[in-house]
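A short worksheet on the structure shown next.
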Amino acid sequence: MSAGGARHYVAFYSPTTTTDSAGQSSLGYVLQFSAPVDFLVMSSRKSMDGDIQPSGSDVAQIRMPFNTRIRVNWRVRYDDTDWDVRTIRDPNGRRRDLEITVERVEQ
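Quick note: the sequence shown uses my numbering, first residue 320, plus one each step.
Written out as structure tokens, the structure is:
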């Protein structure tokens with residue numbers, strides 16, 4: 320974990336599809352677990368070409384202990400705001416830490 324990072328509790332949700340009696344399906348999210356994490360809102364990010372692009376406050380990075388349950392189709396809730404998981408990686412390859420990039424969900 321990063322030194323001096325503030326710890327925040329975030330909730331992790333997995334997607335679920337429900338179908339009503341008329342056959343209409345809708346996407347929802349089910350709480351899987353909550354965990355203390357380092358949550359850092361990014362002010363910029365790198366493009367696939369390596370260029371630095373401003374991102375405002377729409378992208379954040381989560382660092383937490385390694386976990387195999389989280390998937391890229393999950394959603395995170397932090398401070399009453401929903402974030403979609405975009406990338407998940409093991410930054411040092413030791414299955415000790417997990418680094419997750421999330422993007423704010425447009426309301």
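Beta carbons are placed, not taken as given, at the ideal position from N, Cα and C, and that holds for glycine.
- On the three-state DSSP scale, how would you describe Arg388? coil
- So, are the CB atoms of Ala341 and Met383 less than 7 Å apart? no
- Message: In this structure, how does DSSP classify Met361 when only helix, strand and coil are distinguished?
- Response: coil
- Message: For Gln351, tell me which candidate among Val360, Arg394, Gln380, Asp401 has the shortest Cα-Cα distance.
- Response: Arg394
- Task: Kindly identify the DSSP beta-bridge partner or partners of Glu425.
- Result: DSSP output for Glu425 lists no bridge partner at all.
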